[in-house]
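If you count the sequence shown from 1, position 126 lands on 127 in the working numbering, and the numbers rise without skipping. To start, the structure under review is shown below, and the notes come after it.
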Amino acid sequence: MDGTLSLVLLLLFLWCLCSRRMERFELTAPAAFVLLGLLLGEGTGVLDLALPHETVKMLAEITLVWVLFTDSARLSFRALRPELGIYVRLLAIGLPLCVGLGALLASALLPGVSGWSALYVGAALAPTDAALGATMMVNPVVPAKIRRVINVESGLNDGIVTPLVVLALAGVSAAEHTAGPDATGQALVQLAIGTAYGAVIGLAAGWLLRTTLRNGWAAEDFAGAGVLALSLLGYTSALAIGGNGFVAAFVAGLAFGTAHGAPPRVLLYVEQSGALLSVLVWLVFGAVLLPEVFAHVTWQAVVYAVLSLTVIRMVPVALCLAGSGLDARTVGFIGWFGPRGLASIIFGLLAVEELTPAGARPVLPAIACTVLLSVLAHGLTSAPPGEPLRTGGGGQGHRPGRSRGGGTARQRNGGRRSAPRPRTGRPGPVLTAAGRCVSADFRRTV
């Protein structure tokens, strides 16, 4: 065990040393650690991650809590206001359409999947993860407006679908008779309690921290650790009073960000702590989960994965953005750039814990195939080819820059397209708790 832990820590440190260089090859942390997990685990047997189920469950739950809390806390109405209409279209119209279409096709295509289990598949694969194409967040071909839209959508949709995932898992458990017949009703009550409790604790904590920092009672250097504890407190205390901890963490983050303002320096400690756990989840996904799931993969799961990344995502996005003023090419890019990542993996781990093997086996191959295909496809296509995208007025994309020596980056590389790098003096992307990439343009708005 000590040797395995040492190897994991070594991999983390080595990635730290070369992460910026890997951006040139559009190799993101999720893709790197999935491949390392497969290679060192199933491929060579060097990495032995035979973790107890309770350890995997705890890792997944803590990571999801930090994902939900930080993604919601770092948003503010001031940051959302410029593109509020697009966010409403994507999250209030596009997301439900994506869940519904995903559930419909899952019921029609996947063997043994129907009803609640189909809803679970549709909801678990609806959240997006912009970390799988982190170089897109600093790509001058993509306008800052589009980068913000993709980033905000990615930060909110996992929290919005979490109640549906919880409700669907409760329905599947009830259908399997592993839970009581009123499991679905109990889940609804837990969601309501979690929502109300999260709002109260987030507003109270945000006001208290803002007041004590302003009056000199609290040390700003310790504020990050306090917020880290707050995010977990919202989860554990909600469970203690009979609420849903994940919903409480998400709502608490929204309320905390509203009451406190949540500047990036306060959330940075939580984001960096969560980033460590997120790469461990990707490593476990590659070393443990993929080999187990591949034994049960069917052609239907592979076809569904392709449909999930294309039709199930792109059709709802095209419908909800019709009449938004965005041109067809920009709408197509937003529709395509809906990577499935950390949230879907964690929802899959929750299914392993909540359902019997017979109940989890039909749904897990589709989730694993979709995430793996997304890691490969979106990591290699994080920039649109050709001319810069247009946003239909305001927020136009930058023109590809020229170096002091003249010529574009592509010309200087002999016609080969290289991943754009941030200009000197410009802050690079920040990895959030979900492994998501927050661009400098977005950080300046919050």
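Where is the CB? At the ideal position from N, CA and C, for every residue including glycine.
| Hey, Ala-344 and Val-68: beta-carbon distance below 8 Å or not? | Yes.
| said: If we require 4 or more residues per run, which alpha helix (DSSP H) segments fall completely within the segment 99-150? | reply: Listed in chain order, they are 117-125.
| query | For Val-316, which option in Pro-31, Leu-96, Leu-37 and Met-23 has the closest C-alpha, if you only look at C-alpha atoms? | reply | Of Pro-31, Leu-96, Leu-37 and Met-23, the residue nearest in Cα terms is Leu-96.
| request: Verify the CB distance criterion: does Gly-326 have a CB-CB separation below 8 Å to chain D? | output: Among the chains in the structure shown there is no chain D, since it carries only a single protein chain.
| message | Spatial neighbours of Gly-103 within its chain, please: C-beta separation below 7 Å, excluding the five flanking residues on both sides. | response | Here the set comprises Val-122, Gly-123, Leu-126, Ala-127, Ser-309 and Ile-313.
| Reference Pro-340; option with closest CA among Val-47, Ala-239, His-379 and Leu-10 | Among Val-47, Ala-239, His-379 and Leu-10, the Cα nearest to that of Pro-340 is on His-379.
| task | State buried or exposed for Arg-90, treating a residue as buried only when at least 16 other CB atoms are found within 10 Å of its CB. | result | Counting Cβ neighbours within 10 Å, Arg-90 comes out buried, since at least 16 surround it.
| field | Contact set for Leu-41: own chain, Cβ-Cβ below 6 Å, skip 5 residues either direction | value | Residues Val-47 and Leu-48 of the same chain have their beta carbon placed closer than 6 Å to that of Leu-41, with the five preceding and five following residues left out of the count.
| query | Do you know how far the Cα of Gly-246 is from the Cα of Gln-191? | reply | Note on geometry: alpha-carbon atoms of Gln-191 and Gly-246 lie some 9 Å from one another.
| Cα-Cα separation, Arg-411 to Thr-29 | Here the model assigns Arg-411 a pLDDT of 39, short of 50, so the residue's position is not dependable, and the following value carries that caveat. The alpha-carbon atoms of Arg-411 and Thr-29 are separated by roughly 21 Å.
| Check whether Ala-131 and Gly-254 have beta carbons under 8 Å apart | With respect to the 8 Å criterion, Ala-131 and Gly-254 are not classified as neighbours on the basis of their beta carbons.
| message | Just to confirm, is the Cβ distance from Leu-277 to Gly-225 under 8 Å? | response | The answer is no: Cβ separation not under 8 Å.
| field | Backbone secondary structure at Thr-299 - three-state DSSP | value | Coil.
| Whole-number beta carbon distance between Ser-238 and Val-271, since they are thought to touch under 8 Å | A Cβ-Cβ separation of about 17 Å leaves Val-271 out of contact with Ser-238 under the 8 Å criterion.
| query | Can you list, in chain order, the residues of its chain whose CB lies under 8 Å from that of Ile-242, leaving out five sequence neighbours each side? | reply | So the list reads Ile-194 and Tyr-198, once near-sequence residues are dropped.
| query | Leaving out five residues before and five after Leu-36 in sequence, what residues of the same chain have Cβ atoms less than 8 Å from its Cβ? | reply | Gly-287.
| When you compare only the Cα positions, how much space is there between Ala-352 and Pro-265? | When rounded, the distance between both Cα atoms is 33 Å.
| query | Under three-state DSSP, which class holds Asp-72? | reply | If DSSP states are grouped into helix, strand and coil, Asp-72 belongs with the helices.
| query | If Val-282 and Ala-61 are in contact, beta carbons under 8 Å, what's the gap, nearest whole angstrom? | reply | About 7 Å separates the two Cβ atoms, so the contact holds.
| task | Identify every run of the beta strand (DSSP E) within the segment 197-265, keeping only runs that are complete inside it and at least 3 residues long; order them along the chain. | result | Counting whole runs of 3 or more residues, the segment 197-265 contains no beta strand (DSSP E) stretch at all.
| request: Go to Thr-331, then tell me how far its alpha helix (DSSP H) extends in each direction, as first and last residue. | output: Element bounds for Thr-331: 329-337.
| query | According to DSSP, is Gly-160 helix, strand or coil? | reply | Assignment of Gly-160 by DSSP, reduced to helix, strand and coil, places it in the helix class.
| query | What does a CB cutoff of less than 8 Å around Thr-112 pick up in its chain, not counting 5 residues either side in sequence? | reply | Checking the sequence, you will find Pro at residue 112 rather than Thr. Around Pro-112, the same chain offers Thr-299, Gln-301 and Pro-363 as residues with beta carbons nearer than 8 Å, after the five sequence neighbours per side are excluded.
| field | Under the three-state DSSP convention, the category Arg-25 falls into | value | If DSSP states are grouped into helix, strand and coil, Arg-25 belongs with coil.
| query | Quick one, which of Glu-354, Leu-350 and Phe-338 has its alpha-carbon nearest Val-376's? | reply | It is Phe-338 whose Cα lies nearest to the Cα of Val-376.
| How far does the alpha helix (DSSP H) with Gly-86 in it reach, from first residue to last? | First-last of the alpha helix (DSSP H) with Gly-86: 85-89.
| Would Met-59 be called buried (16 or more neighbouring beta carbons within 10 Å of its own) or exposed? | Exposed: under 16 other Cβ atoms inside 10 Å.
| query | How long is the line joining the alpha carbons of Ala-129 and Trp-218, rounded to whole angstroms? | reply | In the sequence as presented, Ala is not what sits at residue 129; that position holds Thr. Cα atoms of Thr-129 and Trp-218: separation of roughly 39 Å, rounded to the nearest angstrom.
| field | Ser-274 to Ser-108 span [Cα, whole Å] | value | Cα to Cα, Ser-274 sits roughly 38 Å from Ser-108.
| query | Under a three-way DSSP split, which group does Pro-363 fall into? | reply | Coil.
| field | Counted within 10 angstroms of its Cβ, other Cβ atoms place Asn-216 as buried (16 or more) or exposed | value | So Asn-216 counts as exposed.
| field | Integer Cβ distance of Val-294 from Ala-369, believed to fall under 8 Å | value | Yes, Val-294 and Ala-369 are in contact; Cβ-Cβ is about 4 Å, under 8 Å.
| By a C-beta neighbour count over all protein chains shown, 10 Å radius and 16 as the cutoff for buried, is Leu-163 buried or exposed? | Rather than Leu, the amino acid found at residue 163 in this sequence is Thr. Residue environment for Thr-163: buried (at least 16 other C-beta atoms within 10 angstroms of its C-beta).
| query | With DSSP run on the structure shown, which of helix, strand or coil describes Ala-276? | reply | In the structure shown, Ala-276 sits in a helix (DSSP, three-state: H, G or I).
| query | DSSP three-state call for Gly-324: helix, strand or coil? | reply | In the structure shown, Gly-324 falls within a coil segment according to DSSP collapsed to helix, strand and coil.
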